[in-house]
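Counting from 33, one number per residue, gives the positions in the sequence shown under my numbering.
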Amino acid sequence: MHGEDHSLFISALAFLAAAVISVPLARRFGLSPVVGYLAAGIAIGPAGFNVADPGTVITIAELGVVLLLFLIGMELQPSRLLSMGRYIFGLGTAQLLVTGLIFTGAAWYMGMGLPGAVVSGMALAMSATSIALQLLNERGDLSSGDGQRAFSIRLFQDIAIVPLLALVPLLAPGESELARDPLATLLQAAAALIAVTGIVLSGRYLLNP
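Structure, rendered in structure tokens:
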């Protein structure tokens with residue numbers, strides 16, 4: 033356990049050092065900090081100097097997602113969220129279904145089986161919350177009309193990812209215990225959705241009362 037903690041600490045320091053170096057360099061060349069983060073990830077990842085092992089990277093990435101959800105929760109206001117409902121569930125649903133169906137059709141046309149095509153299509157319809165919010169924030173568009181619509185789409189995608197992940201084992205019958213027990217799948221999906229909701233609400237009401 034001590035060795036794992038030490039590895040996690042060293043990896044975290046390496047990531048922070050890489051970010052401190054890469055982001056100013058990216059800004060100096062007129063590039064987005066996102067490009068700096070990506071370059072730093074390539075440099076210290078398996079394709080570069082291989083500073084950290086994949087398991088440690090996943091652990092730190094999961095922590096980053098949790099912190100991002102806290103930040104989103106701190107910026108959300110219930111009244112604002114309600115006013116964005118038609119964008120979240122209208123525009124968000126339309127984007128996910130239309131884009132997902134296009135990618136699903138393309139994958140199926142290229143010879144992929146229908147279950148695999150559905151999973152691939154829906155995965156490709158998703159976008160990265162961290163990158164999208166970072167770019168919107170840099171440009172000062174997060175509070176604009178277009179920024180709010182983009183944020184609404186991303187928020188719906190974050191909500192939809194849980195049932196989509198639960199759908200994966202159901203599309204692979206016989207290969208997963210969850211596929212043989214749909215109730216367990218639904219319970220795990222519900223638990224994950226409650227956890228994500230709890231994290232966002234904690235950021236809104238506990239850290240920013």
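Think of the CB as a built atom: it goes at the ideal place given N, C-alpha and C, for glycine as much as any other residue.
- Taking a contact as a CB-CB distance under 8 angstroms, the pair ARG186 and ALA164 counts as one, their CB atoms being some 5 angstroms apart.
- Straight-line measurement puts the Cα of PRO195 at about 16 angstroms from the Cα of SER159.
- Counting every other CB atom within 10 Å of its CB across the protein chains shown gives LEU168 a total of 16 or more, marking it as buried.
- Minimum Cα-Cα distance from LEU48 among the listed residues SER64, ARG60, GLY96 and GLY177 corresponds to GLY96.
- Between ALA75 and PRO65, the gap from beta carbon to beta carbon reaches 9 angstroms or more.
- Cα atoms of ALA51 and ALA71: separation of roughly 9 angstroms, rounded to the nearest angstrom.
- DSSP places VAL83 in the coil class of the three-state scheme, outside both helix and strand.
- In the three-state reduction of the DSSP assignment, LEU63 falls in the coil class.
- Counting of Cβ neighbours within 10 angstroms places THR125 among the exposed residues, the total staying below 16.
- Rounded to whole angstroms, the separation of the alpha carbons of GLY77 and ALA157 is 26 angstroms.
- C-alpha of GLY179 to C-alpha of MET116: approximately 12 angstroms in a straight line.
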